[in-house]
Every structure is written in structure tokens, then in C-alpha cells.
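Chains as they are written, first to last, in the numbering used here: chain A, 198 to 722; chain B, 17 to 354. In this text, a Cβ means the ideal position worked out from N, Cα and C, and glycines have one as well.
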Amino acid sequence: MKAMATVTASSAFASMVGCGSKRASDASGSGSGSGDFTITFAQGADPRGLDPAYIDDGESAKVMVQIYENLLKYKAKNCEVEPGLAKSYDVSDDGLTYTFKLRKGIKFQDGADFNAAAVKKSIGRQLEPDRTDDMPYAAFTFGSKADGTGIESIETPDDYTVVMKLRAVSSAFLANLAMCMASPIVSPKAIEKGNTNEHPVGTGPYSFVSWTKNSDIKLKRFDGYWDKEHAGKAKNIVFRFIAESSTRVTALANGEADIIDGVDEADVDQVTKNGDVVDKFDGMNINYMAFNTQSDTFKTAEARKAFAKAIDVEEVVKSLYKKYATYANSVMPLWMAPYDKDIKQTAYDADAAKKELASLGITKVKCITYSNPRPYNGKGGTALAEAFQGYLRKVGVEMTIDQYDWTSYKTTVQAGNYDVCFYGWNGDNGDPDNFMNLLAADDYSMNVARWDNADYKKLIAKGLKTPNGSARDDVYHECEKMVADQQVWIPVSHSINILCHKKGVKGYVFHPTAVTFLKNCTKSA
Amino acid sequence: MFRYVVKRLLQAIPVLLGLSIVVFLLMHVFSPDPAPVVLGEHATQAQMHAWRNSMGLNKPLIQQYFSFLIGFLHGDLGVSYYTHTSVTKEIMSRFPATVELALVAIVLASVIGIALGVVSAVHKGTPIDAVSMLLALVGISMPIFWSGVLMIILFSGVLHWLPSGGRINPLLAPVGGTGLFLVDTLLSGDMEAFVDALRHIILPALALSLYSMAIITRMTRSSMLDALNEDYVRTARAKGLTPHRVHKHHALRNAMLPVTTVIGLQLGSLLGGAMLTETVFAWPGIGKFIVDSILKSDFPIVQGTVMLIGVIFVIINLIVDIIYAFLDPRIKYTKEEG
Chain A
198 MKAMATVTAS SAFASMVGCG SKRASDASGS GSGSGDFTIT FAQGADPRGL
248 DPAYIDDGES AKVMVQIYEN LLKYKAKNCE VEPGLAKSYD VSDDGLTYTF
298 KLRKGIKFQD GADFNAAAVK KSIGRQLEPD RTDDMPYAAF TFGSKADGTG
348 IESIETPDDY TVVMKLRAVS SAFLANLAMC MASPIVSPKA IEKGNTNEHP
398 VGTGPYSFVS WTKNSDIKLK RFDGYWDKEH AGKAKNIVFR FIAESSTRVT
448 ALANGEADII DGVDEADVDQ VTKNGDVVDK FDGMNINYMA FNTQSDTFKT
498 AEARKAFAKA IDVEEVVKSL YKKYATYANS VMPLWMAPYD KDIKQTAYDA
548 DAAKKELASL GITKVKCITY SNPRPYNGKG GTALAEAFQG YLRKVGVEMT
598 IDQYDWTSYK TTVQAGNYDV CFYGWNGDNG DPDNFMNLLA ADDYSMNVAR
648 WDNADYKKLI AKGLKTPNGS ARDDVYHECE KMVADQQVWI PVSHSINILC
698 HKKGVKGYVF HPTAVTFLKN CTKSA
Chain B
17 MFRYVVKRLL QAIPVLLGLS IVVFLLMHVF SPDPAPVVLG EHATQAQMHA
67 WRNSMGLNKP LIQQYFSFLI GFLHGDLGVS YYTHTSVTKE IMSRFPATVE
117 LALVAIVLAS VIGIALGVVS AVHKGTPIDA VSMLLALVGI SMPIFWSGVL
167 MIILFSGVLH WLPSGGRINP LLAPVGGTGL FLVDTLLSGD MEAFVDALRH
217 IILPALALSL YSMAIITRMT RSSMLDALNE DYVRTARAKG LTPHRVHKHH
267 ALRNAMLPVT TVIGLQLGSL LGGAMLTETV FAWPGIGKFI VDSILKSDFP
317 IVQGTVMLIG VIFVIINLIV DIIYAFLDPR IKYTKEEG
């Protein structure tokens, strides 16, 4: 009785002084769409931010794709582009001018009109000279003056036409415009207000409600969404951030989440034991070992091939990753570049490796690697390096392994003090240039093999200028062959993406860019 | 008393100054370069150099330190390299969660720990004492990443009694108020949300309290045993007072002095964030945040959070000393003593 009296008194006090709080869900209002349910998606970490200009991480992208849309979008199962906010586009004969015709009658979630001026503002702020240092994808997506690439100017001849003039031909440009980094169109009103990184406003099927850092983000169905046929089905979408994979699995079993991602391989069996569903998707990534082609030990292809013969990569992939990664016989996954099926990597031959390495005088190799699991290598770089180390010991080579946390590793790799290093790449846009260009960069931040081959660079330049089609495929097939022949890397694996959900959850679309579209997602008991 | 408080606050200045130097040097000298993490995979060396310049990271260390110190004195802790949000805002959005968890955990630890310690001391050498001490040993020995996961598996995964993590069902979360969900939901009379917040805090608070509870139990037991052997307790017994009255009014009050210090220090460390508990239970406090920020070399966040924790420690120590005076009438913070 005493407790009840206290509660009642507290309530009365709160209502009297008005210092109480209201529920976050009160802010979500009621939708006129199809469902009155909430989909809860649990992921491993907070987004970095929610303005596409300022982020570079997958955790942000998963939330942003529900809020924003782009001029172009990827097809559901691959990275072919199709119209999005632009209803059509035209490319000039010289490949330098792109004209986009915009859809009419679209509103941003804050009521601002979607038009050519909005596109110019959203993309224009990421072009020089307005671009700032903290826009991680701006230069990659929209190019730079110094490199002579990307957008030179944006013109808006009328309210619903946008003309982008490029500095150089780029066959990857359209794929870039569909990316979930940098390219999504942000409300001009919200940009003016500032703080779009925490209060995002787009034209997508869900609008932002609130973000409790390290805890959750709430979205509500946007009733003014232009594409009524494909409007959001759930009334609310909640993203929860649960760092531990095993806790996410329990949250799924307990009904606290409907969908979870980033599940550790060790926890997958528990998901099925709990009666929940495990879905697997091919990843758009590559897990590899790079030779430092500028080191004394591995400056020749002969030495690199001798090393490669010592490692049974297929066996390593089978034993280390089991069914959660596939052996990589090329840099790009085969689903993305089917023309790579005939690429052959150096075959495992321990006897030949022993002989050749001895004749080259290679007895010691300095290896650096990362300790954390990465999206392309769920076991972490150390486990992979140790597997390689075991094979090398059998052929009389002692490989020392220095391991670093990811942040320290990135700095260490840039210093270049290694013979071999482990690294990986997650594709951004499904364009072959996005993978093969890694080995052509003059800057060694990503070209960790420090490979400087003029013929290869010419091929990469040609690939960017060649329109999509079989001629362009031939160029990248040639690139793959050159990388294998020169043994710049030892490609190891392409990791599989795992998404787990309750049995009644249907309609979500997992895209190869590792984001999940939830607008068509429904659930039943 | 006032002079004592002022003097203690003045003494805190060199402590905090020393702390600022240590945390600044640890981050700027021993942490990896933040540029590759902040600028992402596509960044070139030239872009990273430009960014370091714009952040002032290429300036002499002493100049950078004074910029940080002057900012701190003005209440400006800077902006996170990674999220571009003000450090104060980043910390304050997580700090209430840490405070709420720490307070519930310390209350649990104190109530159970003192009770177990007293019972154990009064029944020294009996099976009750043995069981209490065994519990205390288990509490000290079991790492949270293990005990926490076990609790989640049992109470969430198997029995489905309690949620596995988080502070509250996001759709029930109160907006505004103090940031302490138990308080906010109670004040607004939203009992559904209050119960939900309570269900969410039980497991993390219990897991977090185990270690403190064990320490408090052992300290209470040892302190009570000392007190029970004192002459004034013997005198009280000789006067014919009931055992309950002797234990409560004569032994326990005197035994509480060292226990108060331990509780104060435990609360200070809990308010500094509980990284493992917050990670295991997806609790959105500053413990995990600071570790993530260290791993990302987000210097402003780490410096700001460590300074905040330092200030909290200083204040809690001061409060404990003031509480001493109320617990022990012999202690007076007079002009001479102060």
C-alpha cells in the first residue's frame, strides 16, 4: 500500500510540475500504411553518423538505406543500376556529360521539395572547393581536380533536370551514384539546419525518429513516401546495437529482435537450435595476403610464386572458415565477374616450393597482420597468418608474425616494413574497377602490395573508359590474369554474409553491398 | 567543514592537472594515428596529412596540450574525430545510463554485502559463515564476461524471464527528463515502461554488483569481527542488551567506517563505466564507449571522458570523507584539523 501510495504521489507530482518524460514511441504517430507492427533489427555497433557525406561504415549504411534514396539504385540482387529518384538518364557520346531527368512530386520527410536544386546541394557540398577533410567517400565517389577525375560541374537547367559534367570518362560513375555512401540525396532544408549526421532527412520509406547512442535508432513509416506501391510495410523500424554476437542470438531467441546480422560462426548452430532461421548470402569481398613487391625478398614474381606453392590455400579456407567462406580463385568473386572462372592461381606443390625457396635463399619472412576479425575474415588475420606459417615451416621457411589491432595496423602497413601482409577489401559498388584498382593506386594506403606496374595501370585506365559490356569485361579479365601471373597477392577467400531471423519474418532484401532493405519486411507470429 | 571542503577541492587541482598530462601523453604519444580510421579506406597519404594539419595534430605536443587544457577549463572538450559531435554531447548522451546502472549495482552490492558480512561475522565459524565467504569468493573470482553470459543464457535464453540486454524496449523509452529511466518512467507514471526498465536493469546490475558485493561482504565481516571484540561491545553485552541491539547499535555503526570507504571507492569505479558489463548486456553507457574510442584513437573523446571520471572520483572521495564525520562523531573537520 505504501509503495502504491508513493507511485501515485509521484505520478501526481509529475503531472503537477510537468517534469516527467514522454515515451519515444509517442513521437512516432500512426501510419496509414499496411501494418501496425515493428521490425527490430539488431546489429553489432552504432552507426558512425547518418549523413552519407560523413560516413564510411557499414553500420551507418544499414540504417541510412531505409531513410535516403539516390538518383539511381541497384537492382535487388546485384549491382546493376536502374532509375531511382531520377526517372531516366542520358550519357553524351563522349561519355563526359550525364543528364538526369528527375521524378516529380517527391517530398523529403521534412516537407522540402525534391528537385534539381536539392540534388545540386546534396552532392555539390561534397565537391571541391566546398568539400571538407571529414568526407571520407567524397573523393572516391565524385573525383578530384588533382586526379583529373569525377564531376567538374553540376548544372540545373530546370527544376527537374540535372546535368553533371565529368573531367574524365568513367564507366564506374553510374554505379557510384547508387552507393549508400556519399550519393544519397539529403534534404536541403536539413542541410541548412545542420546536424544531419544525427538528424537525417531523406526521401526514403522511413523517417528518422530518435537515436539513443549505443542503444537504438527508431524510424517510423514515412506516410508521404512517393512510391505508394513500395511504401514501408512495418509501422516502425528499430535498430538495436548489441555488441556481443551471442547476446544478439539470445535477443533473437527471446523475441527482442526480429533480424540480427554479423553473427559469429560459432553462434550459428545455436540460432538453428533456438528454432530461428539462418540465411546465407555471397559476399562482395576479398580476403588476401599481399607480397610487398618492393621488399628485397619478394621483388620478383619467381620468389612470390615459390612462396605461393608452399600454401594449400583451398585447404586453409576449408579448415579455417568451413562453410562461411569460399575459396577465391580470383580477386573478384565469381558471381560478380563470371568471366574469371578460368583464372588459375599457383597450385600447391610443397616439394617444388621447398626447392625453389632454398635456391632463392629465402629462409625467413617478416609478416604483419591484424588481430581483429574483419568482415572479409571472420577469424581475424592472426589465425590466417598462423595457418600460412604452419605450411611455410614444412618447406623450411620461418615466418615471423607481428600482429596489431586494426587502427595500429593501418598505420603500420603504410610504413611498408614487411615482406608479406594480410589485408582485405569490401566492395563498394559492384564495379570491377572498385576491386582491381586497388593494385593500381600510386598511394600505398590500399595498394599494400606496393605494386607499381605501368602495363597494369594502363589496363585500369582503359577499363574506366570502356563502356560496360564484354569489351570492358575483357579488360578486367586481363587484369585478373596479370595479378595471378605476377603473383602480387595470394587471394584467399570470399566471406559469406549471415543474416538470422525469426521464422515469421519475410520480405527483407539483403543486398551484396551488405545492407538490408526492410521496407517490404513483414512478420507473423 | 566549509574550509575543509574548499581545501580538498583546491587539492584536486594538481590531481586533475596530473591526470590531464598522463591521458594526453598516453593518447598522443602511444596511440596509433587516427587519420586512417577517421578518413576511411579510400584516403590517400596527402588527404591524411591535410586532415592532421586541420586538426592541429602536426603542431608541437606542448602547444596541443595547452589547447586541450584551455578548452577543458572553458568547458569545451572539443569534437569527436570520428562522429563530428561535441565530446560533451557524446558523453552526456551515455552518462545517465552509466549512473543508473552504477547506482542500482552499488545499492544491491551494499545491501546484500553488508547483510552477508554481518551475518557471517555474527555466526563466525558456522556453516552460514562458510557459505557467505564462499559466495564472496565466487563473486570476486568470476569474471563478468562469463557470469554475465551465463545469466543471459539462463534468464533470457532458457527461462525467458528477463531481456538479454539494453536499457528498455526502445518503443517505451522516455524522452527528456533526467536520463535515469527508472526515475523518469516513475515520475511520468508510465508503469509499463518502469517495469520494462526495471526488468532490463536487473541482470546487468546483478552481474556488475557481484564483485563489489564480495568486497563489501568481506570488509563488513572483518570490520564487524574487530568491533565485536571491542571492550564497548563486551560492556554492552554485560549491561544485558539483546544481541540484536548490541550488533546493530554498537558493533555495526563502528564497523561501517571502513565499509563506507570501500562503498565510496566502488561507486567511483562503477561510475567510470563498466566496459565488460556494458558490452555483454548492450548497456549504452560510457564504459564501452571509452574503450571503442581508444581503439579508434579518438583523442578528444578519450581525454574528455577520462577527465570526467577523474572529477567524479575526486567528488566521491570528498563525499565519503564528509559522510565519515556523520558516522563517527570523533571526526571533526575543524579549522585545526582541516
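Use the C-beta contact count for residue i: other C-beta atoms within 10 angstroms, 16 or more gives buried, fewer gives exposed.
i, result
"residue 18 of chain B", "exposed"
"residue 694 of chain A", "buried"
"residue 208 of chain B", "exposed"
"residue 248 of chain B", "exposed"
"residue 433 of chain A", "buried"
"residue 469 of chain A", "exposed"
"residue 227 of chain A", "Because residue 227 of chain A sits at a pLDDT of 38, beneath the cut-off of 50, its placement in the model cannot be relied upon, and the point is left open."
"residue 291 of chain A", "exposed"
"residue 587 of chain A", "exposed"
"residue 512 of chain A", "exposed"
"residue 342 of chain B", "exposed"
"residue 590 of chain A", "exposed"
"residue 415 of chain A", "buried"
"residue 667 of chain A", "exposed"
"residue 259 of chain B", "exposed"
"residue 82 of chain B", "exposed"
Go through its chain and collect everything with a Cβ distance to residue i's Cβ below 6 Å, but skip five positions before and after it.
i, result
"residue 458 of chain A", "240 and 696"
"residue 318 of chain B", "43, 309 and 310"
"residue 337 of chain B", "none"
"residue 145 of chain B", "136 and 139"
"residue 731 of chain A", "No information on residue 731 of chain A is available, as it lies outside the stretch 198 to 722 that chain A covers here."
"residue 224 of chain A", "Note on residue 224 of chain A: pLDDT 41, under 50, position unreliable in the model; the coordinate value appears next. Closer than 6 Å at Cβ, skipping near neighbours: 406."
"residue 662 of chain A", "366"
According to DSSP, residue i sits in a beta bridge with which residue or residues?
i, result
"residue 596 of chain A", "A/562"
"residue 713 of chain A", "A/707"
"residue 697 of chain A", "A/457 and A/475"
"residue 352 of chain A", "A/360"
"residue 691 of chain A", "A/523"
"residue 136 of chain B", "Paired residues: none, contrary to the question."
"residue 285 of chain A", "A/298"
"residue 238 of chain A", "A/436 and A/456"
"residue 181 of chain A", "In the structure as shown, chain A begins at 198 and stops at 722. Residue 181 of chain A is therefore absent and cannot be evaluated."
"residue 416 of chain A", "A/405 and A/434"
Taking residue i as the reference, which of the options has the closest Cα?
i, options, result
"residue 644 of chain A", "B/251, B/242, B/47 and B/60", "B/60"
"residue 504 of chain A", "A/630, A/683, A/640 and A/536", "A/683"
"residue 219 of chain B", "B/182, B/250, B/246 and B/251", "B/182"
"residue 141 of chain B", "B/46, B/237 and B/269", "B/237"
"residue 2 of chain B", "B/223, B/101, B/270 and B/175", "Absent from the model: residue 2 of chain B. The displayed extent of chain B is 17 to 354, so no value can be given."
"residue 231 of chain B", "B/90, B/129 and B/63", "B/129"
"residue 273 of chain B", "B/239, B/173 and B/324", "B/239"
"residue 201 of chain B", "B/210, B/194, B/195 and B/193", "B/210"
"residue 315 of chain A", "A/382, A/275 and A/336", "A/382"
"residue 626 of chain A", "A/272, A/256, A/263 and A/235", "A/272"
"residue 484 of chain A", "A/689, A/237, A/233 and A/712", "A/689"
"residue 85 of chain B", "B/62, B/36, B/156 and B/257", "B/36"
"residue 527 of chain A", "A/413, A/686, A/244 and A/436", "A/686"
"residue 435 of chain A", "B/148, B/204, B/190 and B/186", "B/186"
"residue 352 of chain A", "A/317, A/337, A/345 and A/640", "A/317"
Here's a check: name, in chain order, each residue in its chain whose Cβ is nearer than 8 Å to the Cβ of residue i, leaving out the five neighbours to either side.
i, result
"residue 45 of chain B", "77"
"residue 803 of chain A", "Nothing can be reported for residue 803 of chain A: it is not among the residues displayed for chain A, which extend from 198 to 722."
"residue 479 of chain A", "523, 530, 532, 691, 693, 694 and 709"
"residue 583 of chain A", "598"
"residue 602 of chain A", "567, 568 and 569"
Which residues in the same chain have their Cβ closer than 7 Å to the Cβ of residue i, if we skip the five residues on either side of it in sequence?
i, result
"residue 28 of chain B", "330"
"residue 394 of chain A", "246, 247, 248 and 251"
"residue 293 of chain A", "362, 363 and 366"
Give the C-beta separation of residue i and residue j to the nearest angstrom, bearing in mind that I take them to be a contact with Cβ-Cβ under 8 Å.
i, j, result
"residue 775 of chain A", "residue 467 of chain A", "Within the shown structure, residues of chain A are numbered from 198 to 722, placing residue 775 of chain A beyond reach of any answer."
"residue 378 of chain A", "residue 242 of chain A", "Actually they do not touch by this definition, with Cβ atoms about 17 Å apart."
"residue 593 of chain A", "residue 551 of chain A", "6 Å"
"residue 133 of chain B", "residue 291 of chain B", "Their Cβ separation, rounded to whole angstroms, is 27 Å, which puts residue 133 of chain B and residue 291 of chain B out of contact at 8 Å."
"residue 301 of chain B", "residue 294 of chain B", "5 Å"
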